[in-house]
Amino acid sequence: GTQPEVLSDLYKKITDDAARDLVMQLLKSKPEERPPVASLLAKHPFFNQKNLAIISQFNERLKDFGESLQSQAKQLEKMNANILVIKQLSYKNQSELLRT
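Just so you know, the sequence shown maps onto residues 321 to 420 in the numbering used here.
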């Protein structure tokens, strides 16, 4: 297993107290000392309303970002289609284009 002092140093890197406590509880060396996940989800401070609101906002931003990417992908598809048409027209009318 991992040395306790190594774990202690790693835990210190988790700046949110509730998140640190949650990780510490989930990573207890003896499985019988670990609380059930359902209990943690229902009662642990990490999953309080404030954090749930932050998670919800993050999910909304991800959704908006995904929609933006889809919109940009559609625009790129249209631009690529237009470029192909222009290439085809210029290839077919190459001699006419050279005269102008």
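The beta carbon of each residue, even a glycine, is placed where N, CA and C say it ideally should be.
Three-state secondary structure (DSSP) of residue i
| i | result |
| --- | --- |
| I334 | coil |
| R340 | helix |
| R381 | helix |
| N371 | helix |
Pick from the options that is closest to residue i, judged by C-alpha positions
| i | options | result |
| --- | --- | --- |
| L342 | V326, E325 and A362 | A362 |
Run of the alpha helix (DSSP H) containing residue i, from where it starts to where it stops
| i | result |
| --- | --- |
| S349 | First-last for S349: undefined, no H or E at that position. |
Can you confirm whether the region 362 to 374 touches the region 331 to 346 when touching is taken to mean that 3 or more C-beta pairs between the two stretches lie within less than 8 Å? Verdict: yes, contact present.
Tell me the start and end of each unbroken beta strand (DSSP E) in the region 390 to 416 that is at least 3 residues and wholly inside, in chain order. Not a single unbroken stretch of the beta strand (DSSP E) spanning 3 or more residues falls wholly within the region 390 to 416.
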